[in-house]
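Next up, the structure:
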């Protein structure tokens, strides 16, 4: 049995050699030591190692591992406050993370080195293969093997047509089956499936393009947010928050202006399970691309952003901005304007803070005030007796607030969140009964503060819109390259590479025809391909299909029973 396997292996090796795909290769020379190489030879050795597919796969895995710290540690360009918090909470590990560029992972030296090496490796690996594949596409099919019976798939038959007619018909049949066929002396050689390698190259070239698109997005993209109340205007270079790419600053944002004229918001008001669900969000704005340009009116809706050049301005949220007027103990207006309150529930229960750093008490002493409030668009009382909102639209607005005095911390030089109030250095204002003072106000109401601190007035309600300002270069290119990579992968996986040869020679009883097939790798459809070529060749020549050979181990078919005959019952033999 072992001898039979060795003989079969020798036959396959001979067939591959005859078909132009010899498995035997010249022995590789022994690798020289680096000390024995010339500088040019050493450089070529390093280049071969860098551009090998094994190195490319290793670098791709290493890049994925190197990206892990970027999601573990806060990044300076996206979360500077998180970096400051990490350094404060980890006084020992924080400086080491900073030295190792853990807060700038994607622009660090080590991450950039891996990225560039991967890029060079892929290019050096793919580009030479493109030239080889181009020459392969223009080359002729391989020569016909001397013995087709040694190929993995082989069929023989005898046809009545002359050899030349058989070969002409074979060439036409193979061409219809998308083979690149060539007529030769006594045979036809055909080959198809070159685009399997085309798909492989397309996948790798698209991967290079995808890396370039991602790199351009990482270097030049930016994103920022700004909350704008109705009737006010924002400037593109003045954003509430900003995160940019490695080579991007806020100065790269176009100097556009956006004025929010009105907000068109509607909710489901019918008594159903959908009550309170949003139905329409739209912001009517006035846009000016740059100073001195003619303003234009636009309507920005969800999934319908406005554009200034290549920068998108999207509507990301909305809410209410109560107009709070604060007068100090001297009667001076120290705060007057709409203050955005951030929604906390689907019914727009919203929280916000009004900070007054320059108030003066009735006795002339300077004082800082902080008003911490909850706005309820449609106020009601729950089972626990607490005020809540039962509908997101402003049907029955109510403002519930508490007042604090003390140091707001605005002079510490540390950035603060304008929507929160740090009460660690403050004391809550108490009422006449000594309990914390709770202000409950409807639009137009004013509440006097004790101890000559002044008054707080709830003048009305405005709406605000939250806008995302975003520029992401390479986004369309990344989508295109991803689709091309998917197409190339499908071609490389499902397109078979096959070679078929047809031989025809005159014989005693007609023309002896041989059809042989060879595939690169495992191909379960090769036998069907060879059978299909032979079957279509017979049909093209008008030859009848051969009768199936009788099964030597089977029993003859039972005799047919006529209409006027009854089957004979043969008794079963018993032991």
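Residue numbers (the working numbering): 632 to 1206. Built from N, CA and C at the ideal position, the CB exists for glycine as well. Quantities reported herein were computed from a predicted structural model and do not represent experimental measurements.
Run of the beta strand (DSSP E) containing residue 1134, from where it starts to where it stops: 1129 to 1138
Starting from residue 949 and walking both ways along the beta strand (DSSP E), at which residues does that stretch end? 942 to 958
If we cut at 9 Å on Cβ distances, does residue 948 have a partner in chain C? Of the protein chains in the structure, only one exists, and it is not chain C.
Coarse secondary structure for residue 809, derived from DSSP in three states: coil
Return the CA-CA distance between residue 780 and residue 1161, expressed in angstroms with no decimal places. 13 Å
Taking the alpha carbon of residue 725 as the point to measure from, which residue in 744, 705, 953 has its own alpha carbon closest? 705
Measure the C-alpha to C-alpha separation of residue 1059 and residue 1006 and round it to an integer number of angstroms. 19 Å
According to the Cβ coordinates, are residue 691 and residue 749 closer than 9 Å? yes
Does DSSP put residue 715 in a helix, in a strand, or in coil? helix
With a cut-off of 8 Å on the beta carbons, I'd call residue 1127 and residue 824 a contact; round off their distance for me. 5 Å
Under a Cβ-count criterion, where at least 16 other Cβ atoms within 10 Å of its own Cβ denotes burial, should residue 696 be classed as buried or exposed? exposed
Is the Cβ-Cβ distance between residue 821 and residue 810 less than 9 Å? yes
Determine the extent of the alpha helix (DSSP H) in which residue 703 is found, giving its start and end residues. 699 to 703
Using the Cα positions of residue 1147 and residue 826, report the straight-line distance between them to the nearest angstrom. 22 Å
Measure from the alpha carbon of residue 1100 to the alpha carbon of each residue in 743, 808, 859, 815, then state which is nearest. 859
I'd like to know if the region 1026 to 1037 and the region 995 to 1002 are in contact, where contact means that at least 3 CB-CB pairs between them fall below 8 Å. yes
Pairing CB atoms from the region 872 to 882 with CB atoms from the region 1122 to 1137, are three or more of them under 8 Å? no
Rounding to the nearest angstrom, what Cα-Cα distance links residue 694 and residue 991 in this structure? 59 Å
DSSP three-state call for residue 878: helix, strand or coil? coil
Below 8 Å CB to CB, which residues in the same chain sit around residue 927 once its five sequence neighbours on both sides are set aside? 917, 918, 919
Coil, strand or helix - residue 831 by DSSP: helix
Is residue 767 buried or exposed, if buried means 16 or more other CB atoms sit within 10 Å of its CB? exposed
Neighbourhood of residue 718 by C-beta distance below 6 Å, restricted to the same chain and skipping five residues each side: 725
Is the beta carbon of residue 848 sitting closer than 9 Å to the one on residue 1112? no
Pair every Cβ in the region 1114 to 1126 with every Cβ in the region 795 to 808, then say whether three or more of these pairs are closer than 8 Å. no
Examine the Cβ distances between the region 860 to 870 and the region 1064 to 1074 and report whether three or more of them are shorter than 8 Å. no
Going by other Cβ atoms of all chains shown within 10 Å of its Cβ, with 16 needed for buried, is residue 661 buried or exposed? Only weak support is given to the placement of residue 661: the predicted model assigns it a pLDDT of 49, under 50, and the question is left unresolved by the model.
Inspect the beta-carbon positions of residue 1219 and residue 931 and report whether they are closer than 9 Å. What is shown of the chain runs 632 to 1206, which leaves residue 1219 out entirely.
Between the alpha carbons of residue 755 and residue 722, how many angstroms are there, rounded? 45 Å
Measure the C-alpha to C-alpha separation of residue 685 and residue 753 and round it to an integer number of angstroms. 11 Å
With a threshold of 8 Å, are at least 3 pairs of Cβ atoms found where one atom belongs to the region 728 to 746 and the other to the region 665 to 685? no
Spatially closest choice to residue 831 from 680, 761, 699, by CA coordinates: 761
Pick helix, strand or coil for residue 1096, following the three-state DSSP scheme. strand
Roughly how many angstroms lie between the CA atoms of residue 1082 and residue 993, to the nearest whole one? 8 Å
Within the continuous alpha helix (DSSP H) that includes residue 1106, where are the two ends? 1106 to 1125
Of the residues 790, 1023, 700, the one placed nearest residue 1175, counting alpha carbons only: 790
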